[in-house]
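Residue numbers (our numbering): 8 to 406. Some notes on the structure that comes next.
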């Protein structure tokens with residue numbers, strides 16, 4: 008980083024309609040750090056916050072990733088911008104892939120491209136987990152599977168499809184594939200159709216019968232943990248899983264152990280959000296995936312006392328010794344738009360591996376938890392803009 012900085016220090020947050028970006032804006036504003044919210048989308052909730060210092064437009068990354076990178080670099084060249092916070096999968100890739108170019112202007116506590124590849128290639132991640140002694144589902148390429156008798160799921164091999172990971176892609180191409188297919192024992196899926204749908208040879212994993220889901224989050228400085236956090240996911244965006252929409256902060260020593268072992272094996276640097284299933288048969292915490300960015304349930308993390316946006320800022324600005332890793336246990340919160348997605352999944356989705364809960368029971372569970380624990384991700388009386396913008400974005404007509 009070569010430029011001198013003035014008193015008006017700012018952070019750049021490229022985002023879409025992600026809830027985590029608003030928490031970053033609000034958290035850093037409380038510390039006197041202005042946020043520049045940059046997006047290729049209209050109606051970004053974080054940009055509607057009265058705490059947002061500036062909103063700017065970006066070209067869509069999935070139209071031309073190089074043009075998107077150049078637009079981000081142009082913003083990073085501003086003397087006031089000190090760092091860039093990754094919120095979306097595309098930004099994790101861009102910041103690690105082109106870290107040298109960005110670090111001419113800003114400080115970036117993000118993983119190297121090799122580290123990113125190790126966690127975003129789920130086949131490679133399974134090998135790393137096994138090396139670290141961390142439980143992980145049996146994982147194979149779709150093309151290598153000839154036995155479909157057990158319970159299986161098919162999903163993308165990569166968190167992000169991009170040229171550094173997938174042969175034949177150009178530097179200007181990027182995509183994010185989130186489809187997950189549950190396969191009933193004995194059924195043989197149409198492999199060619201799955202490859203066409205996902206644009207590569209995806210992976211097949213054994214289905215782990217789980218009785219609970221957990222998240223471990225951390226911020227690391229070249230292998231050293233600076234702060235960590237755990238929550239139990241009570242509901243996700245779907246009854247079959249997905250990002251947490253109702254969660255409660257916990258501390259489980261066994262979960263801490265397996266998560267730290269994995270990140271130590273990776274000599275991790277930057278943010279890590281790790282999802283785990285609690286195996287109903289063995290009691291083990293089984294790895295699902297790692298995301299090297301701010302996560303959907305970040306608001307509940309900050310509410311419990313672990314302010315990861317500010318921790319990221321402190322690490323980026325050379326003040327990691329000021330990070331306070333303590334947090335409060337038993338703190339729950341809801342992502343209201345996500346609760347609607349959960350209820351929609353109960354109405355519309357079907358899985359041969361996960362029993363669908365009743366509609367009435369689900370409505371009752373959501374209502375009771377909201378009444379008894381009325382804490383919400385970005386509903387704030389003193390800053391209603393982001394929540395209202397989010398509501399408008401869910402309407403079937405453009406407003």
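The beta carbon of each residue, even a glycine, is placed where N, CA and C say it ideally should be. Quick caveat: nothing in here was measured; it's all calculated off a predicted structure.
Starting from residue i, follow the alpha helix (DSSP H) in both directions and report where the run begins and ends.
| i | result |
| --- | --- |
| residue 225 | Here residue 225 belongs to no alpha helix (DSSP H); instead the beta strand (DSSP E) covers 217-228. |
| residue 308 | 305-310 |
| residue 96 | 96-104 |
| residue 205 | 198-205 |
State buried or exposed for residue i, treating a residue as buried only when at least 16 other CB atoms are found within 10 Å of its CB.
| i | result |
| --- | --- |
| residue 229 | exposed |
| residue 201 | buried |
| residue 224 | buried |
| residue 6 | Only positions 8 to 406 of the chain appear in this structure, which leaves residue 6 out of reach. |
| residue 251 | buried |
| residue 175 | exposed |
| residue 160 | buried |
| residue 133 | buried |
| residue 297 | buried |
| residue 289 | exposed |
| residue 76 | buried |
| residue 151 | exposed |
| residue 162 | buried |
Could you give the distance in angstroms between the alpha-carbon of residue i and the alpha-carbon of residue j?
| i | j | result |
| --- | --- | --- |
| residue 317 | residue 195 | 48 Å |
| residue 286 | residue 214 | 10 Å |
| residue 193 | residue 155 | 5 Å |
| residue 130 | residue 341 | 32 Å |
| residue 103 | residue 119 | 6 Å |
| residue 270 | residue 319 | 17 Å |
How is residue i classed by DSSP in three states: helix, strand or coil?
| i | result |
| --- | --- |
| residue 251 | strand |
| residue 397 | helix |
| residue 38 | coil |
| residue 21 | strand |
| residue 44 | strand |
| residue 187 | strand |
| residue 193 | coil |
| residue 259 | coil |
| residue 272 | helix |
| residue 137 | helix |
| residue 32 | helix |
| residue 265 | helix |
At which residues does the beta strand (DSSP E) containing residue i begin and terminate?
| i | result |
| --- | --- |
| residue 284 | 277-286 |
| residue 231 | 231-245 |
| residue 293 | 292-298 |
| residue 213 | 210-213 |
Chain B beta carbons: is any one of them nearer than 8 Å to that of residue i?
| i | result |
| --- | --- |
| residue 303 | Protein chain content of the structure displayed is limited to a single chain, and chain B is not contained in it. |
Problem set entry | Any beta strand (DSSP E) of 3 or more consecutive residues that is wholly inside the segment 308-392 | 339-341
Exercise. Which whole runs of the beta strand (DSSP E) in the segment 146-183 are 3 residues long or more, in chain order?
Worked result: 146-148, 159-162
For this session: Note down, one range per segment and in chain order, each alpha helix (DSSP H) of at least 4 residues found wholly within the segment 47-130.
Result: 72-83, 96-104, 106-109, 120-127
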